[in-house]
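Peer 1: Protein chains in written order, with my numbering: chain A, 500 to 724; chain B, 172 to 484.
Glycine included, C-beta positions come from ideal geometry on N, C-alpha and C.
None of these values were measured; they are calculated from a predicted model.
Below you will find the structure I want to go over with you.
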């Protein structure tokens, strides 16, 4: 569908989708934990705006509840909790990346192309004007996964995981005007619990191995050989 | 035939106005930093003074060293002549497209780096190596931004691009937003502005462009500096006319042309202000962070192209 034939709010949703993809790339490029968390909050904010716009475009006002949940959880609560955690664990800066950063960026670009081709047949099934963004939300999920596997520190991995959840939520909003309310509330609650559990886990991991570097969980002995 | 006359007149005006653009940015920057600053027409005096002075050549200088200023200057003028300034109805537009424009810039840079290495001083070689490193990263990003534009209007010709963009209904194109951001980042790197290079300093360890032209003097230096100012004006024109294409005359009616000339001058002055403010609030980056900066430019241009394919068609 040509973008010029869409209405202005729909064009804004598409632009927001592109910005969400950019924020995923920025998450991948961040080298400091606090800016990583800020970028994550920015991604949540973009998804909030997109959801509110979708609610008004489609006239499905139950989406506003999901939007409010997103605003509360992804923009304020989870980033706030993570910030609190990195202050209490005293790790402000360090994000160790496995592999060459430029190669990872190129790999992420390849993932976007891959999700475009995967989403092509799905796009034909949807009748929504924003169906083109399905590929983008899939790419956000895959890039979230890439963040999880390319980072050593547990906090960065949690941010990647949450960004995957962002992608799934965005996919639901743009392809079917959101999931049923029960499912959405359930997911929101799950995410909430996950963050609290992750917080507890961080302390346990650090108490056990003296660091948040998850690579060291692979070692069989406690003594370095 | 009148078209060619207009094209020549337009290029001539841009070449003459280029020092004013550089002086304007410099003057604004000084005012923003609470300094009095040289008047905006100071670059004209500098060029005049340099052109009156004798040329001092190093013993080891080869003919390339003497040829380079003329080649760099004329190639930059050729590049300028392909950019629509006040009108899109120019016959030269059919001769060169954006890829040729990037080629002209690359040719100029090639001779600039050769000239830097020619005399054999340490600074010249260092500057050339840095210039080429940055160029090799900036060029793919620049081309990618241009390709996104080209895919949007199905033409690599700058006149067609600007003409089509100006005539369209107002539509929010994600791809154009991203490629414009990429284009701006590349333009700042290519013209040697902060945060990549500082045009105002001769500090040995950080300079790039200044290191290359360190051995030049007299009229050679004047031409090299004029070419650098032209390059700044060229990229400014590209940015203002591609991102804000409204106001460029679509016909050759004198009234429209005069209005377009006024509008493009206003746009350039505003862009100069933006440039001066961004240079005042930023510090120069370490050289080894330049690849990250240009990587961001490349990713932005790439995202522009992908969002064109995914979202817009």
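Please look up how many angstroms separate the CB atoms of residue 646 of chain A and residue 662 of chain A, rounded, as I've assumed it's under 8 Å.
Peer 2: Taking the first residue of the first chain as 1, we reach residue 646 of chain A at position 147. Taking the first residue of the first chain as 1, we reach residue 662 of chain A at position 163. That pair is a contact at about 6 Å.
Peer 1: Can you tell me which of the three DSSP states residue 569 of chain A falls into?
Peer 2: In the first chain, the residue the question calls residue 569 of chain A occupies position 70. Residue 569 of chain A falls in the helix class under three-state DSSP.
Peer 1: Whose C-beta lies closer than 6 Å to the C-beta of residue 316 of chain B among residues of the same chain, with five residues either side of it excluded?
Peer 2: Locating residue 316 of chain B in the second chain gives position 145, counting from the first residue. Same-chain partners within the cutoff: 350, 353, 354 and 472.
Peer 1: What's the call for residue 287 of chain B, buried or exposed, on a 16-neighbour Cβ count within 10 Å?
Peer 2: Locating residue 287 of chain B in the second chain gives position 116, counting from the first residue. Label assigned to residue 287 of chain B: buried.
Peer 1: Using 8 Å for Cβ pairs, my map puts residue 407 of chain B next to residue 439 of chain B. What's the rounded Cβ distance?
Peer 2: Working through the second chain from its first residue, we reach residue 407 of chain B at position 236. Working through the second chain from its first residue, we reach residue 439 of chain B at position 268. That belief holds up - the Cβ atoms of residue 407 of chain B and residue 439 of chain B are roughly 6 Å apart, short of 8 Å.
Peer 1: Quick check on residue 334 of chain B: buried or exposed, where buried means 16 or more other Cβ atoms within 10 Å of its Cβ?
Peer 2: Within the second chain, residue 334 of chain B is the residue found at index 163, counting from 1. Residue 334 of chain B comes out buried.
Peer 1: Would you check if the region 290-303 of chain B and the region 449-456 of chain B touch, i.e. whether three or more CB-CB distances between them fall below 8 Å?
Peer 2: Segments in contact, no.
Peer 1: So who's on the other strand from residue 197 of chain B, going by DSSP bridges?
Peer 2: Start at 1 with the first residue of the second chain, and residue 197 of chain B comes out as number 26. In DSSP, residue 197 of chain B forms no bridge with anything.
Peer 1: Would you give the residue range spanned by the alpha helix (DSSP H) that residue 587 of chain A belongs to?
Peer 2: Here residue 587 of chain A is taken as the residue at index 88 of the first chain, counted from 1. First-last of the alpha helix (DSSP H) with residue 587 of chain A: 577-587.
Peer 1: From the DSSP secondary-structure annotation, give me the bridge partner or partners of residue 420 of chain B.
Peer 2: In the second chain, counting from the first residue as 1, residue 420 of chain B sits at position 249. DSSP output for residue 420 of chain B lists B:258 as bridge partner(s).
Peer 1: With a threshold of 8 Å on Cβ separation, who are the neighbours of residue 257 of chain B within its own chain once the five nearest residues in sequence on each side are excluded?
Peer 2: Numbered from 1 along the second chain, position 86 holds the residue referred to as residue 257 of chain B. Once the five neighbours on either side are set aside, the close Cβ partners of residue 257 of chain B are 181, 419, 420, 428, 431, 432 and 435.
Peer 1: In angstroms with no decimal places, state the Cα-to-Cα distance between residue 240 of chain B and residue 443 of chain B.
Peer 2: Within the second chain, the letter at position 69 stands for residue 240 of chain B. Within the second chain, the letter at position 272 stands for residue 443 of chain B. One C-alpha to the other measures close to 26 Å.
Peer 1: Using a Cβ-Cβ cutoff of less than 6 Å, which residues in the same chain neighbour residue 628 of chain A once the five nearest sequence positions on both sides are dropped?
Peer 2: On the first chain, residue 628 of chain A is found 129 positions in, with the first residue counted as 1. Excluding sequence neighbours, residue 628 of chain A sits near 505 and 509.
Peer 1: Would you mind reading off the limits of the alpha helix (DSSP H) that contains residue 289 of chain B?
Peer 2: As a working mapping, residue 289 of chain B is identified with position 118 in the second chain. 269-289 is the span of the alpha helix (DSSP H), which, as asked, contains residue 289 of chain B.
Peer 1: Are the C-beta of residue 483 of chain B and some C-beta of chain A separated by less than 7 Å?
Peer 2: For the purposes of this step, residue 483 of chain B is identified with residue 312 of the second chain, where counting begins at 1. Judged by the 7 Å Cβ criterion, residue 483 of chain B is in contact with chain A.
Peer 1: Which residues, in order along the region 332-351 of chain B, keep a beta-carbon less than 9 Å from a beta-carbon of chain A?
Peer 2: Here the close residues are 339, 340, 341, 342, 343, 344, 345, 346, 348 and 349.
Peer 1: Have a look at residue 211 of chain B and residue 259 of chain B and give me their C-alpha separation to the nearest angstrom.
Peer 2: Counted from its first residue, the second chain places residue 211 of chain B at position 40. Counted from its first residue, the second chain places residue 259 of chain B at position 88. Near 29 Å, if we compare the C-alpha coordinates of residue 259 of chain B and residue 211 of chain B.
Peer 1: What are the boundary residues of the alpha helix (DSSP H) that includes residue 319 of chain B?
Peer 2: Your numbering for residue 319 of chain B matches position 148 in the second chain. Looking at the DSSP string, the run of the alpha helix (DSSP H) that includes residue 319 of chain B is 293-324.
Peer 1: Out of A:574, A:557 and A:551, which has the shortest C-alpha to C-alpha gap to residue 564 of chain A?
Peer 2: Taking the first chain and counting its residues from 1, one reaches residue 564 of chain A at position 65. Closest by alpha carbon: A:551.
Peer 1: Examine chain A for any beta-carbon lying closer than 7 Å to the beta-carbon of residue 305 of chain B, and answer yes or no.
Peer 2: On the second chain, position 134 is the one that residue 305 of chain B refers to. No, residue 305 of chain B lies away from the interface with chain A (no Cβ there is under 7 Å from its Cβ).
Peer 1: With three or more beta-carbon pairs closer than 8 Å as the criterion, would you say the region 368-375 of chain B touches the region 216-230 of chain B?
Peer 2: At 8 Å Cβ cutoff, the stretches do not touch.
Peer 1: In chain order, what residues of the same chain lie with their CB nearer than 6 Å to the CB of residue 738 of chain A, ignoring the 5 residues before and after it?
Peer 2: What is shown of chain A runs 500 to 724, which leaves residue 738 of chain A out entirely.
Peer 1: Using the Cα positions of residue 636 of chain A and residue 306 of chain B, report the straight-line distance between them to the nearest angstrom.
Peer 2: Within the first chain, numbered from 1, the residue matching residue 636 of chain A stands at position 137. Within the second chain, numbered from 1, the residue matching residue 306 of chain B stands at position 135. Answer to the nearest angstrom: the Cα atoms are 34 Å apart.
Peer 1: Go to residue 504 of chain A, then tell me how far its alpha helix (DSSP H) extends in each direction, as first and last residue.
Peer 2: For the purposes of this step, residue 504 of chain A is taken as the residue at position 5 of the first chain. Segment: none, residue 504 of chain A is in no alpha helix (DSSP H) and carries neither H nor E.
Peer 1: Whole-angstrom Cβ separation of residue 289 of chain B and residue 232 of chain B, contact assumed at under 8 Å?
Peer 2: In the second chain, counting from the first residue as 1, residue 289 of chain B sits at position 118. In the second chain, counting from the first residue as 1, residue 232 of chain B sits at position 61. Correct: roughly 6 Å between the Cβ atoms.
Peer 1: Whole angstroms are fine: how far does the CA of residue 202 of chain B sit from the CA of residue 230 of chain B?
Peer 2: Here residue 230 of chain B corresponds to residue number 59 of the second chain, with the count starting at 1. Here residue 202 of chain B corresponds to residue number 31 of the second chain, with the count starting at 1. Each residue's alpha carbon lies about 42 Å from the other.
Peer 1: Measuring only the C-alpha atoms, how far is residue 664 of chain A from residue 302 of chain B?
Peer 2: Here residue 664 of chain A refers to the residue found at position 165 of the first chain. Here residue 302 of chain B refers to the residue found at position 131 of the second chain. Between residue 664 of chain A and residue 302 of chain B, the C-alpha separation is close to 43 Å.
Peer 1: Would residue 510 of chain A count as contacting chain B if we go by Cβ distances under 7 Å?
Peer 2: Start at 1 with the first residue of the first chain, and residue 510 of chain A comes out as number 11. At least one chain B Cβ lies under 7 Å of residue 510 of chain A.
Peer 1: Cutting at 6 Å between CB atoms, please list the residues of its own chain near residue 573 of chain A, excluding the five before and the five after it.
Peer 2: Within the first chain, the letter at position 74 stands for residue 573 of chain A. Excluding positions up to five away in sequence, the list reads 543.
Peer 1: Can you find a C-beta in chain B that's less than 7 Å from the C-beta of residue 513 of chain A?
Peer 2: What you label residue 513 of chain A is simply residue 14 of the first chain in a count that begins at 1. It does; some Cβ of chain B falls within 7 Å.
Peer 1: Quick check on this structure: which residue in A:562, A:644 and A:596 has the alpha carbon closest to the alpha carbon of residue 682 of chain A?
Peer 2: In the first chain, the residue the question calls residue 682 of chain A occupies position 183. Out of A:562, A:644 and A:596, A:562 has the C-alpha closest to the C-alpha of residue 682 of chain A.
Peer 1: Under 7 Å, Cβ to Cβ, is there at least one residue of chain A near residue 466 of chain B?
Peer 2: Here residue 466 of chain B corresponds to residue number 295 of the second chain, with the count starting at 1. Closer than 7 Å: yes.
Peer 1: Tell me which residue opens and which closes the alpha helix (DSSP H) that residue 620 of chain A is part of.
Peer 2: The sequence position of residue 620 of chain A within the first chain is 121, counting from 1. 600-624 is the span of the alpha helix (DSSP H), which, as asked, contains residue 620 of chain A.
Peer 1: Just the Cα atoms here: how many angstroms apart are residue 319 of chain B and residue 341 of chain B?
Peer 2: In the second chain, the residue the question calls residue 319 of chain B occupies position 148. In the second chain, the residue the question calls residue 341 of chain B occupies position 170. Cα-Cα distance, rounded: 18 Å.
Peer 1: Using a C-beta to C-beta distance shorter than 7 Å, which residues of chain B count as neighbours of residue 635 of chain A?
Peer 2: The residue you call residue 635 of chain A lines up with position 136 of the first chain. Here the neighbours are 481.
Peer 1: Taking a cut of 9 Å between CB atoms, which residues from the region 581-604 of chain A lie near chain B?
Peer 2: Within the region 581-604 of chain A, the residues whose Cβ lies closer than 9 Å to some Cβ of chain B are 600, 601 and 604, listed in chain order.
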